[in-house]
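Enquirer:
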Amino acid sequence: MKGVAYTPFALIAASLLLMLFSVPLGANPQNIDLQINSLESSHTYQASINSALTLISSKSLNAHLKGFNQEIINSNNSLNNPEQKFISSYSLKSNKGDTTAENLQKRLKSLINETEEIKINFGEVKSVSSEGLKLNADQNIRYRYTDYILNLKYGRKIDEVDVPVEGAIDPLNYFRAGEIINYSICGYNKPAYKLGKARQSSGFENVYGKALVEPENMSQVNNKGEKILFSREPNSYELSDFLAVVSLSDSTLNTDTEWMAGFNLSRPVKTGQSVILKNDEAYISHFREIIDRKCFVESEEAPDIFQRMKNSTSKSSYGILTYKYDSNASLANGDYNLVDQRELGVKVSGVSSVEHGQGERSWFRADEDNMDYWNLSSLSN
Amino acid sequence: MGLKGFYFSFDAIIALLVMATAGSLVVSSLNDPGVESDQIRFSQYGSQATDISNYILRRDAKSLEPEIEVSASHRDIMISSFLILKEKENTDKAEKTARSILSDEKYSTEIYYRSNQTFNLLYPESPYNFNDSSSSKTLTVVDDKVYEILVVVGE
Numbered sequence: 001m002k003g004v005a006y007t008p009f010a011l012i013a014a015s016l017l018l019m020l021f022s023v024p025l026g027a028n029p030q031n032i033d034l035q036i037n038s039l040e041s042s043h044t045y046q047a048s049i050n051s052a053l054t055l056i057s058s059k060s061l062n063a064h065l066k067g068f069n070q071e072i073i074n075s076n077n078s079l080n081n082p083e084q085k086f087i088s089s090y091s092l093k094s095n096k097g098d099t100t101a102e103n104l105q106k107r108l109k110s111l112i113n114e115t116e117e118i119k120i121n122f123g124e125v126k127s128v129s130s131e132g133l134k135l136n137a138d139q140n141i142r143y144r145y146t147d148y149i150l151n152l153k154y155g156r157k158i159d160e161v162d163v164p165v166e167g168a169i170d171p172l173n174y175f176r177a178g179e180i181i182n183y184s185i186c187g188y189n190k191p192a193y194k195l196g197k198a199r200q201s202s203g204f205e206n207v208y209g210k211a212l213v214e215p216e217n218m219s220q221v222n223n224k225g226e227k228i229l230f231s232r233e234p235n236s237y238e239l240s241d242f243l244a245v246v247s248l249s250d251s252t253l254n255t256d257t258e259w260m261a262g263f264n265l266s267r268p269v270k271t272g273q274s275v276i277l278k279n280d281e282a283y284i285s286h287f288r289e290i291i292d293r294k295c296f297v298e299s300e301e302a303p304d305i306f307q308r309m310k311n312s313t314s315k316s317s318y319g320i321l322t323y324k325y326d327s328n329a330s331l332a333n334g335d336y337n338l339v340d341q342r343e344l345g346v347k348v349s350g351v352s353s354v355e356h357g358q359g360e361r362s363w364f365r366a367d368e369d370n371m372d373y374w375n376l377s378s379l380s381n
Numbered sequence: 001m002g003l004k005g006f007y008f009s010f011d012a013i014i015a016l017l018v019m020a021t022a023g024s025l026v027v028s029s030l031n032d033p034g035v036e037s038d039q040i041r042f043s044q045y046g047s048q049a050t051d052i053s054n055y056i057l058r059r060d061a062k063s064l065e066p067e068i069e070v071s072a073s074h075r076d077i078m079i080s081s082f083l084i085l086k087e088k089e090n091t092d093k094a095e096k097t098a099r100s101i102l103s104d105e106k107y108s109t110e111i112y113y114r115s116n117q118t119f120n121l122l123y124p125e126s127p128y129n130f131n132d133s134s135s136s137k138t139l140t141v142v143d144d145k146v147y148e149i150l151v152v153v154g155e
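Protein sequence lines, in the order shown, are assigned to chains A and B.
Per this note's numbering: the first sequence ends with 381, consecutive numbering throughout.
Per this note's numbering: the second sequence ends with 155, consecutive numbering throughout.
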């Protein structure tokens, strides 16, 4: 009797096992593959939400910086505690386009299906710091995405937003030189890079010209007098017309023009790049580009974005600077942050003084500390 | 007597477990229609669509060089943003970019974008009118505005 009584329990247990077995075994590899595809597609979409929210927040903060610095310029007063004022005056509701929290929420809702849901919560910016031409904002952004068809829920928290700074006015330049210069990034870390060193040279200083690397058809090369030829076999060319010749082989060159031989390239050089030759060394130069574009490079020997709001020229680990031409000869230029301290600047070979080549900018001075920081002190003179 | 009852029921459980296992295998094999060619193709359409979405979301515009000329100011933006920027400029640059991205893909691909309810065809010039297709979508930001890009793959 007891055996009979136990058997129904056994049947129930076995039935449950039957159900458990039948579910996973019913999932064929193709179904699993489709599920993985759906998950991958959903994951990609979620990553794009993440990226869009971060970008929107970043653009919103950059827009805020533009307005903030414009107000500093309008008031003509520097700030004592710019970081705090920058944060307290910031709101995602005060900008244009989708860079307001409300508009962004509306936009995203219009872009998702009825079977999806997205909820976003933009927290306040708790702190902000600068790092070169970039702001780091400690901002809490949370969102929750639900896909009811795929039965997926995805939540994410973004704690930090990097803001590439572009377009805001530099207050320091305005305070010191009365000039409006907008922040823009140069795209390189320093104003010149050492290309390499030669074993011997004809002995010269301060050559500036454009690189011409192994030309295929010499008859198509114009303005040879402004060009510095880089070649492994320079003797196969007619050399006398060139501004200078840099031979990558050891053989001495028989030419009237300035030359270097046994040159050891430590980085690639391309045709058209600006090159400075000094003694037995060659450099790729961006000095003129920085001056002409008024773009910014990073230096630990210059003030950072928030110090500029304070009208301070103190050095910062995250400092930035540009070079500018000042029409007032008595202040003619060096680093923009030293615009009123010209005596501290040094001449730069191939820029302030050009013995061979064109484009001398005799007014130009660079801060010696910056030249040391960039390992370019051998170009100072 | 009680112990005997216990042994009988234990035997029954073991026997039924064996039967259940065998039964489940039979049921699952009956339920499994096998892998059909349509399903395989659909899965591959989905994979390709997701791969393309991932690619345009995670790669910078500079990775398009040298096939596509990219200005210095656009080098660091995502390909998805670059596509919409170029489409807005109303040149053939968006089409060239799409063609470059899709050159090695197996199945035909359409790329749509929208900032509201209406989808706009970015590539190709006219739709393929697929019989079977699968899609993948991503969001991107251009000039402070959020856009959705929909990649549709099919035949």
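Where a beta carbon is used, it is the ideal one built from N, C-alpha and C, also for glycine.
Between G196 (chain A) and N264 (chain A), how many whole angstroms is the CB-CB distance? I'm expecting something under 8 Å.
Expert: Locating residue 196 (chain A) in the first sequence gives position 196, where the first residue counts as 1. Locating residue 264 (chain A) in the first sequence gives position 264, where the first residue counts as 1. Correct: roughly 5 Å between the Cβ atoms.
Enquirer: So which of A:T146, A:V246, A:F122 and A:L104 has the shortest CA-CA distance to D138 (chain A)?
Expert: As a first step, residue 138 (chain A) must be located in the first sequence, where it is residue number 138. Measuring from the Cα of D138 (chain A), the nearest candidate turns out to be A:F122.
Enquirer: Tell me, please, whether the CB atom of D335 (chain A) is closer than 8 Å to any CB atom in chain B?
Expert: Indexing the first sequence from 1 puts residue 335 (chain A) at position 335. Note that D335 (chain A) scores a pLDDT of 46, beneath 50, so its modelled location is shaky; the value from the coordinates is reported in the next line. Cβ-Cβ to chain B under 8 Å: no for D335 (chain A).
Enquirer: Going by the CB atoms, is the gap between G132 (chain A) and E226 (chain A) shorter than 8 Å?
Expert: Your numbering for residue 226 (chain A) matches position 226 in the first sequence. Your numbering for residue 132 (chain A) matches position 132 in the first sequence. The answer is no: Cβ separation not under 8 Å.
Enquirer: Between A:N76, A:S129, A:L111 and A:K106, which lies nearest to I305 (chain A) when the distance is taken from Cα to Cα?
Expert: Along the first sequence, one-based indexing puts residue 305 (chain A) at 305. Comparing Cα positions, the closest option is A:S129.
Enquirer: Mapping the DSSP letters down to three states, classify G23 (chain B) as helix, strand or coil.
Expert: In the second sequence, the residue the question calls residue 23 (chain B) occupies position 23. Of the three classes helix, strand and coil, the one that applies to G23 (chain B) here is helix, per DSSP.
Enquirer: How big is the Cα-Cα spacing for V141 (chain B) and A47 (chain A)?
Expert: Within the second sequence, residue 141 (chain B) is the residue found at index 141, counting from 1. Within the first sequence, residue 47 (chain A) is the residue found at index 47, counting from 1. Near 13 Å, if we compare the C-alpha coordinates of A47 (chain A) and V141 (chain B).
Enquirer: Is the segment 367 to 375 of chain A touching the segment 216 to 226 of chain A in the sense that three or more CB pairs, one from each, lie closer than 8 Å?
Expert: no
Enquirer: Where does P171 (chain A) land, buried or exposed, given buried means 16+ other C-beta within 10 angstroms?
Expert: As a first step, residue 171 (chain A) is located in the first sequence; it is residue number 171 there, counting from the start. Within a 10 Å sphere around the beta-carbon of P171 (chain A) sit 16 or more other beta-carbons, which makes this residue buried.
Enquirer: If you count every other CB in all the chains shown that lies within 10 Å of the CB of M78 (chain B), and 16 or more means buried, which is it?
Expert: Translated into the one-based positions of the second sequence, residue 78 (chain B) becomes position 78. Per the 10 Å Cβ criterion, buried.
Enquirer: From the beta carbon of R293 (chain A), is the nearest beta carbon of chain B less than 8 Å away?
Expert: As a first step, residue 293 (chain A) is located in the first sequence; it is residue number 293 there, counting from the start. For R293 (chain A), the answer is no, since every Cβ of chain B falls outside 8 Å of its Cβ.
Enquirer: What residue range is occupied by the uninterrupted beta strand (DSSP E) comprising A261 (chain A)?
Expert: Mapped onto the first sequence, residue 261 (chain A) falls at position 261. From DSSP, the beta strand (DSSP E) with A261 (chain A) extends over E258 to A261.
Enquirer: Along chain A, which residues have their Cβ under 9 Å away from the Cβ of S53 (chain B)?
Expert: Position 53 of the second sequence holds residue 53 (chain B). Near S53 (chain B) (Cβ distances below 9 Å), the residues of chain A are S41, T44, Y45 and S48.
Enquirer: Spatial neighbours of Y113 (chain B) within its chain, please: CB distance less than 6 Å, with the 5 preceding and 5 following residues excluded, ordered by chain position.
Expert: By one-based count along the second sequence, residue 113 (chain B) stands at place 113. For Y113 (chain B), where only same-chain residues beyond five positions count, the Cβ hits under 6 Å are I84, N120, L122, Y147 and I149.
Enquirer: Please report whether the beta-carbon of T118 (chain B) lies at a distance below 8 Å from any beta-carbon of chain A.
Expert: One-based indexing of the second sequence puts residue 118 (chain B) at position 118. Not one chain A Cβ lies under 8 Å of T118 (chain B).
Enquirer: Between which two residues does the alpha helix (DSSP H) containing E281 (chain A) stretch?
Expert: Taking the first sequence and counting its residues from 1, one reaches residue 281 (chain A) at position 281. Element bounds for E281 (chain A): not the alpha helix (DSSP H) but the beta strand (DSSP E), E281 to S285.
Enquirer: Would you call M260 (chain A) buried or exposed, if buried means 16 or more other Cβ atoms sit within 10 Å of its Cβ?
Expert: One-based indexing of the first sequence puts residue 260 (chain A) at position 260. So M260 (chain A) ends up on the buried side.
Enquirer: Using three-state DSSP, classify G178 (chain A) as helix, strand or coil.
Expert: Translated into positions along the first sequence, residue 178 (chain A) becomes position 178. The answer is coil: DSSP assigns G178 (chain A) none of H, G, I, E or B.
Enquirer: Closer than 7 Å, Cβ to Cβ, to anything on chain B: give me those residues from the segment 226 to 254 of chain A, in chain order.
Expert: Per Cβ criterion, the list is empty.
Enquirer: Are any of the Cβ atoms in chain B nearer than 8 Å to that of G353 (chain A)?
Expert: Here residue 353 (chain A) refers to the residue found at position 353 of the first sequence. The amino acid occupying residue 353 (chain A) in the given sequence is Ser; Gly does not appear at that position. No, S353 (chain A) lies away from the interface with chain B (no Cβ there is under 8 Å from its Cβ).
Enquirer: How about the segment 316 to 325 of chain A and the segment 295 to 303 of chain A: do they share at least three Cβ pairs that are nearer than 8 Å?
Expert: yes
Enquirer: Comparing the C-beta of A137 (chain A) with each C-beta of chain B, is any distance below 8 Å?
Expert: Within the first sequence, residue 137 (chain A) is the residue found at index 137, counting from 1. Judged by the 8 Å Cβ criterion, A137 (chain A) is not in contact with chain B.
Enquirer: Pull up the distance between the alpha-carbon of I73 (chain A) and that of Y90 (chain A), whole angstroms please.
Expert: As a position in the first sequence, residue 73 (chain A) is number 73, starting the count at 1. As a position in the first sequence, residue 90 (chain A) is number 90, starting the count at 1. If I take the Cα positions, the gap works out to 18 Å.
Enquirer: Go ahead and pull the three-state DSSP assignment for I141 (chain A).
Expert: For the purposes of this step, residue 141 (chain A) is taken as residue 141 along the first sequence, with counting starting at 1. Reduced to three states, the DSSP call for I141 (chain A) is strand.
Enquirer: Chain B beta carbons: is any one of them nearer than 8 Å to that of I118 (chain A)?
Expert: Within the first sequence, numbered from 1, the residue matching residue 118 (chain A) stands at position 118. Not an interface residue.
Enquirer: Out of curiosity, what's the CA-to-CA distance linking E124 (chain A) and V163 (chain A)?
Expert: As a working note, residue 124 (chain A) is residue 124 in the first sequence. As a working note, residue 163 (chain A) is residue 163 in the first sequence. Here the alpha carbons of V163 (chain A) and E124 (chain A) stand approximately 16 Å from one another.
Enquirer: Taking the alpha helix (DSSP H) that E368 (chain A) belongs to, which residues open and close that run?
Expert: Here residue 368 (chain A) refers to the residue found at position 368 when the first sequence is read from its first residue. E368 (chain A) -> alpha helix (DSSP H) spans E368 to Y373.
Enquirer: For Q70 (chain A) and I169 (chain A), which I take to be in contact (beta-carbon distance under 8 Å), what is that distance rounded to the nearest angstrom?
Expert: For this step, residue 70 (chain A) is matched to residue 70 along the first sequence. For this step, residue 169 (chain A) is matched to residue 169 along the first sequence. Right, their Cβ atoms sit about 6 Å apart.
Enquirer: From A49 (chain B) to N62 (chain A), what does the alpha carbon distance come to, in whole angstroms?
Expert: Taking the first residue of the second sequence as position 1, residue 49 (chain B) is located at position 49. Taking the first residue of the first sequence as position 1, residue 62 (chain A) is located at position 62. One C-alpha to the other measures close to 34 Å.
Enquirer: Would you mind reading off the limits of the alpha helix (DSSP H) that contains E83 (chain A)?
Expert: As a working mapping, residue 83 (chain A) is identified with position 83 in the first sequence. Here the alpha helix (DSSP H) through E83 (chain A) covers P82 to S88.
Enquirer: If the criterion is Cβ atoms closer than 8 Å, does the pair S362 (chain A) and N381 (chain A) meet it?
Expert: Sequence index remark: in the first sequence, residue 362 (chain A) carries index 362 (1-based). Sequence index remark: in the first sequence, residue 381 (chain A) carries index 381 (1-based). Not closer than 8 Å, so no.
Enquirer: Using Cβ-Cβ distances below 9 Å, what residues of the segment 124 to 143 of chain B are close to chain D?
Expert: Among the protein chains in the structure shown, which are A and B, there is no chain D.
Enquirer: DSSP state of A288 (chain A), grouped into three classes?
Expert: The residue given as residue 288 (chain A) occupies position 288 in the first sequence. First, the residue type needs correcting, since residue 288 (chain A) is Arg and not Ala in the sequence shown. In the structure shown, R288 (chain A) sits in a helix (DSSP, three-state: H, G or I).
Enquirer: Output needed for V70 (chain B): all residues of its chain with C-beta closer than 8 Å, excluding positions within five of it in sequence on either side, in chain order.
Expert: If you number the second sequence from 1, residue 70 (chain B) lands on position 70. Excluding residues within five positions, the ones whose Cβ falls inside 8 Å are A61, K62, L64 and F82.
Enquirer: How many angstroms separate the CA atom of E102 (chain A) from the CA atom of K137 (chain B)?
Expert: For the purposes of this step, residue 102 (chain A) is taken as the residue at position 102 of the first sequence. For the purposes of this step, residue 137 (chain B) is taken as the residue at position 137 of the second sequence. If you take the alpha carbons of E102 (chain A) and K137 (chain B), they lie about 23 Å apart.
Enquirer: Taking the runs of the beta strand (DSSP E) that are 3 residues or longer, which of them lie wholly in the segment 180 to 247 of chain A?
Expert: 192 to 197, 207 to 213, 227 to 231 and 244 to 247
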